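If you're matching positions, the sequence shown starts at 2 in this note's numbering and goes up one per residue.
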Amino acid sequence: NANERNWLISDGWRDEGIVFYVDKNGNTPIYRLNKNNRHFFTANANERNWLISDGWRDEGIVFYVDKNGNTPIYRLNKNNRHFFTANANERNWLISDGWRDEGIGWNS
2 NANERNWLIS DGWRDEGIVF YVDKNGNTPI YRLNKNNRHF FTANANERNW
52 LISDGWRDEG IVFYVDKNGN TPIYRLNKNN RHFFTANANE RNWLISDGWR
102 DEGIGWNS
């Protein structure tokens, strides 16, 4: 969402550019949830439902991906904070810095 991106930049966030592209004809929804101003993304409906039961606010489907896409989006966790990246080198560096690898969140 370009408007959300622009608002975040005006609020002091640094724009690091495009991370990955999504397929407009994708068949797998990516859900976004929010708790205490922290956002979480998941392609797993069961995980989404569990997070809602744990007090996360469902912000709905934010985009769709092609589950057979060629670009893995890696999911990592450190101190209950999640990070997503399409860059395998960044993923490996984060693991060496103590982030827990949670595997591929989805393919894009």
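Glycine included, every Cβ here is placed at the ideal spot set by N, Cα and C.
Please read these numbers as outputs of a predicted model, since none were measured by experiment.
Within the same chain, show all residues whose beta-carbon is closer than 8 Å to that of residue i, passing over the 5 residues directly before and after it, in chain order.
| i | result |
| --- | --- |
| G104 | Y75 and R76 |
| R15 | none |
| I53 | L34 and D59 |
| R92 | Y75, L77, T86 and D102 |
Short of 6 Å in beta carbon distance, which residues of its chain neighbour residue i, apart from the five on each side in sequence? Order them along the chain.
| i | result |
| --- | --- |
| R49 | Y32 and T43 |
| W107 | A44, V66 and I74 |
Going by DSSP, what residues sit across from residue i in a beta bridge?
| i | result |
| --- | --- |
| Y75 | T86 and I105 |
| F41 | L34 |
| N58 | According to the sequence shown, residue 58 is Arg rather than Asn. Bridge partners of R58: N35. |
| V66 | T29 |
Does the distance from the C-beta atom of residue i to that of residue j stay below 9 Å?
| i | j | result |
| --- | --- | --- |
| E17 | H40 | no |
| V23 | F64 | yes |
| N78 | W57 | no |
| P30 | I10 | no |
Starting from residue i, trace the alpha helix (DSSP H) in both directions and tell me its first and last residue.
| i | result |
| --- | --- |
| W8 | A3 to S11 |
key: contact_flag[the segment 52–69, the segment 78–89] where n(CB pairs < 8 Å) is 3 or more   = no
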